[in-house]
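S.K.: Start counting the sequence shown at 0; every next residue gets the next number (numbering that gives the first Met the number 0). Even for Gly, the Cβ is constructed at its ideal location relative to N, Cα and C.
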Amino acid sequence: MNFEQLHLIAPILDALREEGYTSPTPIQQQAIPLVLQGHDLLGCAQTGTGKTAAFSVPILQLLHQRPRAASRAIRALILTPTRELAIQIDESIAAYGRHTGLRHAVIFGGVSQKPQTDALAKGCDILTATPGRLLDLIQQGLITLQHIEIFVLDEADRMLDMGFIHDVRKVISKLPMRRQSLFFSATMPPEIMQLADAILTKPQKVAVTPPSTTVEAIRQSLYFVEKSDKRALLLHLIRQHDIPSALVFTRTKHGADRVAKDLVRAGIKAEAIHGNKSQNARQRALTNFKSGETRILVATDIAARGIDVDKLSHVINYEIPNIPETYVHRIGRTGRAGAAGTAFSFCDMEERAYIRDIHKLIAIQIPVVHDHPFAAEAPVEASPLLTVAARPQPKLQTNAPQSDIQWQVPSKGRRKKKWYGTRKAV
Numbered sequence: 000m001n002f003e004q005l006h007l008i009a010p011i012l013d014a015l016r017e018e019g020y021t022s023p024t025p026i027q028q029q030a031i032p033l034v035l036q037g038h039d040l041l042g043c044a045q046t047g048t049g050k051t052a053a054f055s056v057p058i059l060q061l062l063h064q065r066p067r068a069a070s071r072a073i074r075a076l077i078l079t080p081t082r083e084l085a086i087q088i089d090e091s092i093a094a095y096g097r098h099t100g101l102r103h104a105v106i107f108g109g110v111s112q113k114p115q116t117d118a119l120a121k122g123c124d125i126l127t128a129t130p131g132r133l134l135d136l137i138q139q140g141l142i143t144l145q146h147i148e149i150f151v152l153d154e155a156d157r158m159l160d161m162g163f164i165h166d167v168r169k170v171i172s173k174l175p176m177r178r179q180s181l182f183f184s185a186t187m188p189p190e191i192m193q194l195a196d197a198i199l200t201k202p203q204k205v206a207v208t209p210p211s212t213t214v215e216a217i218r219q220s221l222y223f224v225e226k227s228d229k230r231a232l233l234l235h236l237i238r239q240h241d242i243p244s245a246l247v248f249t250r251t252k253h254g255a256d257r258v259a260k261d262l263v264r265a266g267i268k269a270e271a272i273h274g275n276k277s278q279n280a281r282q283r284a285l286t287n288f289k290s291g292e293t294r295i296l297v298a299t300d301i302a303a304r305g306i307d308v309d310k311l312s313h314v315i316n317y318e319i320p321n322i323p324e325t326y327v328h329r330i331g332r333t334g335r336a337g338a339a340g341t342a343f344s345f346c347d348m349e350e351r352a353y354i355r356d357i358h359k360l361i362a363i364q365i366p367v368v369h370d371h372p373f374a375a376e377a378p379v380e381a382s383p384l385l386t387v388a389a390r391p392q393p394k395l396q397t398n399a400p401q402s403d404i405q406w407q408v409p410s411k412g413r414r415k416k417k418w419y420g421t422r423k424a425v
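1. Out of curiosity, what's the CA-to-CA distance linking Pro65 and Lys226?
2. If I measure Cβ to Cβ from Tyr326 and keep anything under 6 Å in the same chain, skipping five residues before and after, which residues do I get?
3. Please name the residue, chosen from Ile217, Phe183, Arg218, Ala216, that lies closest to Pro202 on a Cα-to-Cα basis.
4. According to the Cβ coordinates, are Leu101 and Val205 closer than 9 Å?
5. For the stretch 287–301 and the stretch 233–244, state whether three or more C-beta atom pairs, one from each stretch, are separated by less than 8 Å.
6. Going straight from the alpha carbon of Leu395 to that of Ile330, what length do you get?
7. Could you say which of His146, Ala94, Leu134, Thr186 lies nearest to Ala44 if we only look at CA atoms?
8. Do the stretch 266–281 and the stretch 310–317 make contact, defined as three or more Cβ pairs closer than 8 Å?
9. If contact is defined by three or more beta carbon pairs under 8 Å, each pair taking one atom from either stretch, is the stretch 173–183 in contact with the stretch 106–121?
10. For Tyr20, I'd like the list of residues in its chain whose CB is within less than 8 Å of its CB, leaving aside the five on either flank, ordered along the chain.
11. Could you check the C-alpha separation between Asp300 and Ser172 for me, to the nearest Å?
12. Name the two residues that bound the continuous alpha helix (DSSP H) containing Tyr222.
13. Please list the terminal residues of the continuous beta strand (DSSP E) segment that includes Ala93.
14. Helix, strand or coil for Gly131, going by three-state DSSP, please let me know.
15. My guess is that Val224 and Phe373 are in contact by the Cβ rule of under 8 Å, so how many angstroms apart are they, rounded?
16. Which residues share a DSSP beta bridge with Ile431?
17. Can you list, in chain order, the residues of its chain whose CB lies under 6 Å from that of Leu136, leaving out five sequence neighbours each side?
18. Quick one: what's Gln64 bridged to in DSSP?
19. Kindly indicate the opening and closing residues of the alpha helix (DSSP H) around Lys229.
20. When the Cα atoms are used, what is the spatial distance from Thr116 to Gly37?
21. I'd like to know if the stretch 141–160 and the stretch 186–195 are in contact, where contact means that at least 3 CB-CB pairs between them fall below 8 Å.
22. Pull up the distance between the alpha-carbon of Ser22 and that of Gln138, whole angstroms please.
23. Between which residues of its own chain and Phe345 is the CB-CB distance below 8 Å, once the five residues before and five after are set aside?
24. Output yes if chain C places a C-beta closer than 9 Å to the C-beta of Thr116; else output no.
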């Protein structure tokens, strides 16, 4: 199938060709006709499936073909959880709608509101916003939503995770009753389904990939390693595989900064991106990464949502996420829109329970790589059939020096020596 078969208008088809798009992704094939027909839509799609174009392209066409009800009125609202994702969506709208003459703007917190309100004052057909800044400008009387024709709630599950659900409900209460609503979420827990029921009217449903599965094009590998050896393993893999670009995930902001500094000290161009960074610093790091000036971007989960980099070769889980669905979101940054990608995951002793949860969710076991310089002993449940380049476990040296043996002394009773430390391997 090609985009012409979706009955798109010439200005949009021209823009898609200029962007190098030839064939729609599965979610675009299913969603675009339904939105053009005026249906409410419930979309379940993991990251990297092309859902931004799935809703922005038909919105551009519908608004282009309709007369404006009021001058300078906001006609479509796209609500999204993070500033990075809001900027990404607005950039996509600018690209797909460059020949339509429609006006667009993006607003988000953490920066001065004046440039944003100045853009709104010039008129805006499509507004992309984060909940906090949107409600703030509504309260100031600088935005009204009474002319909204199409409403999009994107990344609904992340809205819930980030505690935005009450703000989302406040925004919805200010929308006109007669509107078309589009609802997208990578996962559909009960709370999200309840929210969808409150927003949508007789929705059409689109689910291109079950939320618990991972992108098939991504080559996944698991490395068991001691926590203290993760830095060395990261450097080893970057150099061994000559990785051109990688998104490295950590659980904490402090961890992201530490890993980025370690890479820079090793002579590898790297930057960190997380919530404690200023908006200008985050945007600069993202721009440098997209342009290739920065080779490795180290990020936390929330900051990374919305990062969309063409041909990103690798995602590296420096720390395993404690929420299994987060693993799917992370590795979905590579292997986008059918392209190949690689995901490495580093697992220390404390994170092995997280790996078991991920295996249950994705219904496969991630292949284990044993043949690397920092290999820790794999757990019993790791199947030998799913290992990569397995090698025999090292023999234990029974005559290890006394300094390498640690002793445990019971608090009561006769003193008894018991080895519980790590023996040296030959």
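M.R.: The structure says:
1. Here residue 65 corresponds to residue number 66 of the sequence shown, with the count starting at 1. Here residue 226 corresponds to residue number 227 of the sequence shown, with the count starting at 1. According to the sequence shown, residue 65 is Arg rather than Pro. Arg65 and Lys226: Cα-Cα distance of roughly 58 Å.
2. The residue given as residue 326 occupies position 327 in the sequence shown. Pro320, Ile357.
3. The residue labelled residue 202 in the question sits at position 203 within the sequence shown. Comparing Cα positions, the closest option is Phe183.
4. Here residue 101 refers to the residue found at position 102 of the sequence shown. Here residue 205 refers to the residue found at position 206 of the sequence shown. Result no, Cβ atoms of Leu101 and Val205 do not sit closer than 9 Å.
5. Enough Cβ pairs lie closer than 8 Å, so yes.
6. If you number the sequence shown from 1, residue 395 lands on position 396. If you number the sequence shown from 1, residue 330 lands on position 331. Any answer about Leu395 is weak, because its pLDDT of 33 lies below 50 and its placement is not dependable; what the coordinates show is given next. C-alpha separation (whole angstroms): 37 Å.
7. Reading the sequence shown from its first residue, position 45 is the one you call residue 44. Ranking His146, Ala94, Leu134, Thr186 by Cα distance to Ala44 puts Thr186 first.
8. no
9. no
10. The residue labelled residue 20 in the question sits at position 21 within the sequence shown. Contacts found: Phe2, Ala52.
11. For the purposes of this step, residue 300 is identified with residue 301 of the sequence shown, where counting begins at 1. For the purposes of this step, residue 172 is identified with residue 173 of the sequence shown, where counting begins at 1. C-alpha of Asp300 to C-alpha of Ser172: approximately 29 Å in a straight line.
12. Taking the first residue of the sequence shown as 1, we reach residue 222 at position 223. For Tyr222, there is no enclosing alpha helix (DSSP H); the enclosing beta strand (DSSP E) has its first and last residue at 217–223.
13. As a first step, residue 93 must be located in the sequence shown, where it is residue number 94. Unbroken run through Ala93 is the alpha helix (DSSP H), 82–95; no beta strand (DSSP E).
14. The residue given as residue 131 occupies position 132 in the sequence shown. It is helical.
15. Along the sequence shown, one-based indexing puts residue 224 at 225. Along the sequence shown, one-based indexing puts residue 373 at 374. Right, their Cβ atoms sit about 5 Å apart.
16. One cannot answer for residue 431 here, as it falls past the ends of the chain, which runs 0 to 425.
17. Locating residue 136 in the sequence shown gives position 137, counting from the first residue. Counting only Cβ-Cβ distances below 6 Å, and skipping sequence neighbours, we find Ile142.
18. Looking up residue 64 in the sequence shown gives position 65. Its beta-bridge partners do not exist; DSSP assigns none.
19. In the sequence shown, residue 229 corresponds to position 230, counting from 1. Element bounds for Lys229: 229–239.
20. Looking up residue 116 in the sequence shown gives position 117. Looking up residue 37 in the sequence shown gives position 38. Going from the Cα of Thr116 to the Cα of Gly37 covers about 30 Å.
21. yes
22. Here residue 22 refers to the residue found at position 23 when the sequence shown is read from its first residue. Here residue 138 refers to the residue found at position 139 when the sequence shown is read from its first residue. Distance between the alpha carbons of Ser22 and Gln138 is about 43 Å.
23. Taking the first residue of the sequence shown as position 1, residue 345 is located at position 346. Beyond the five residues adjoining it in sequence on each side, Phe345 comes within less than 8 Å, by CB distance, of Tyr222, Val224, Lys229, Leu232, Leu233, Ile315, Asn316, Tyr317, Glu318, Ile319 in the same chain, given in chain order.
24. Absence of chain C from the displayed structure is noted, only one protein chain being present.
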